[in-house]
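In my numbering, the protein residues as written are 8 to 221. A virtual CB, placed ideally from N, CA and C, is assigned to each residue, including glycine. Nothing here was measured: the structure is a model prediction, and the numbers come from that model.
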Ligand SMILES: [Zn+2]
C-alpha cells in the first residue's frame with residue numbers, strides 16, 4: 008500500500024512529498040526543507056515511521072524545490088535524481104538564490120539523470136518518468152498507474168499551471184505537455200502538485216481555466 012506524505016516548506020510554500028510503501032523504503036520528492044526546524048520535521052517523520060530513504064528525486068530544479076537536497080543526501084547517504092536538462096539551471100542556483108534573498112553555499116549535485124519513459128524503483132514500487140517541459144526544460148512528473156497517482160511538480164496545479172516566464176519556460180510547450188501527456192492518463196488519477204492542494208486529472212480536464220479555453 009503506497010502512502011504519500013506532504014510537508015510544506017520554505018518561504019515559497021513548496022510541497023515536499025515522502026512516498027513510501029509496505030517495505031518502508033521511500034523516496035523524497037522535491038526536498039525543500041530550508042530551516043533547522045524544517046529539517047527536523049522531515050527527519051522526525053522518517054524516523055517515526057522507520058522509513059528507509061532510497062533517493063531524493065526532483066520534478067525540476069527551481070530553488071524552492073531543491074533547498075533540502077544536500078541535507079537529506081548527507082543525512083541518509085542517498086543519491087539525487089533529476090532530468091538531465093535541469094543540470095544547467097542547478098549550476099546557476101547560488102545566483103538565483105541571492106535574487107530571492109536566500110543563501111546557499113553551493114548547488115546540490117545530481118548523480119542520476121533520467122528521461123521520458125524511465126522508471127524509478129524503490130521497495131515494491133515503480134514510478135514512471137514523464138517529461139513535461141514548459142515550466143522548465145527538464146521538468147518531469149512521476150506516475151504510478153498501479154497506485155493511480157501523479158506527482159506533477161510545477162507543471163499542473165489545482166486550477167492552474169506553472170509559470171512560464173522564468174528561464175526555460177514556454178507557455179505553448181507547457182500546455183502541450185499537459186494536454187498530451189497528463190490529461191490522457193487515467194481520469195481518476197490523484198495529482199500531487201508542487202504547490203497547493205491535491206486534485207485529479209478529471210477535475211483539471213473539466214475545470215482548469217488554462218486547459219478548457221479553446
Ligand atoms: Zn518551479
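Kindly give me the distance between the Cβ atoms of residue 38 and residue 23, rounded to whole angstroms, as I take these residues to be in contact under 8 Å.
Contact between residue 38 and residue 23 is confirmed by a C-beta separation of about 5 Å, below the 8 Å threshold.
Beta-bridge partners of residue 60, as assigned by DSSP
Residue 60 is bridged to 33.
Within the chosen definition, does the stretch 149-162 reach the stretch 73-84 through at least 3 CB pairs nearer than 8 Å?
With the cut-off at 8 Å, the stretch 149-162 and the stretch 73-84 do not touch.
Our contact map puts residue 41 next to residue 74 with C-beta atoms below 8 Å; I'd like the distance itself, whole angstroms only.
Between residue 74 and residue 41 the Cβ distance is about 5 Å, and since that is below 8 Å, they are a contact.
Which residues in the same chain as residue 208 place their Cβ atom closer than 8 Å to its Cβ, once the five residues preceding and following it in sequence are excluded?
Beyond the five residues adjoining it in sequence on each side, residue 208 comes within less than 8 Å, by CB distance, of 157, 189, 190, 192, 193, 194, 195, 196 and 198 in the same chain, given in chain order.
Would residue 181 and residue 145 qualify as a contact pair, given that the criterion is a beta-carbon distance under 8 Å?
Cβ atoms of residue 181 and residue 145: not closer than 8 Å.
If I measure Cβ to Cβ from residue 218 and keep anything under 8 Å in the same chain, skipping five residues before and after, which residues do I get?
Excluding the 5 residues flanking it on each side, residue 218 has same chain C-beta neighbours closer than 8 Å at 168, 182, 185, 186, 190, 211 and 212, in chain order.
Any non-hydrogen atom of ligand 1 within 7 Å of residue 169 CB
Yes - ligand 1 has a heavy atom lying nearer than 7 Å to the Cβ of residue 169.
Less than 6 Å between C-beta atoms, sequence neighbours within five positions excluded: which residues of the same chain meet that for residue 28?
Taken in chain order, the residues that qualify are 9, 130, 131 and 132.
Under the criterion of a Cβ to heavy atom distance below 7 Å, does residue 138 qualify as lining ligand 1?
Ligand 1 has no heavy atom closer than 7 Å to the beta-carbon of residue 138.
For residue 190, three-class secondary structure by DSSP:
It is coil, neither helix nor strand.
In chain order, what residues of the same chain have a beta carbon less than 8 Å from the beta carbon of residue 204, not counting five sequence neighbours either side?
Taking residue 204 as the centre and dropping the five residues before and after it, the same chain places the C-beta of 165 closer than 8 Å to its C-beta, in chain order.
For residue 4, which residues does DSSP report across the bridge?
With the chain running from 8 to 221 in the structure shown, residue 4 is simply not present.
Give me the residue from 215, 149, 174 and 177 with the minimum Cα distance to residue 63.
Selected option, being the one with the closest Cα: 149.
Kindly provide the ranges of any beta strand (DSSP E) runs that are 3 or more residues long and lie completely inside the stretch 94-180, ordered along the chain.
119-121, 126-129, 132-138, 147-151 and 156-160, all fully within the stretch 94-180.
Taking DSSP as the reference, what is the three-state secondary structure of residue 67?
Secondary structure of residue 67 (DSSP, three-state): coil.
Assuming residue 2 and residue 143 make a contact with CB atoms under 8 Å, what is their CB distance in whole Å?
One cannot answer for residue 2 here, as it falls past the ends of the chain, which runs 8 to 221.
Does at least one heavy atom of ligand 1 sit under 7 Å from the Cβ of residue 125?
False, no ligand heavy atom lies under 7 Å from that Cβ.
Separation of residue 127 from residue 137, as counted between CA atoms
Rounded to the nearest angstrom, the two C-alpha atoms are 11 Å apart.
For residue 118 and residue 86, believed in contact at Cβ under 8 Å, the rounded distance:
Yes, they are in contact, since the Cβ atoms of residue 86 and residue 118 sit about 4 Å apart, within 8 Å.
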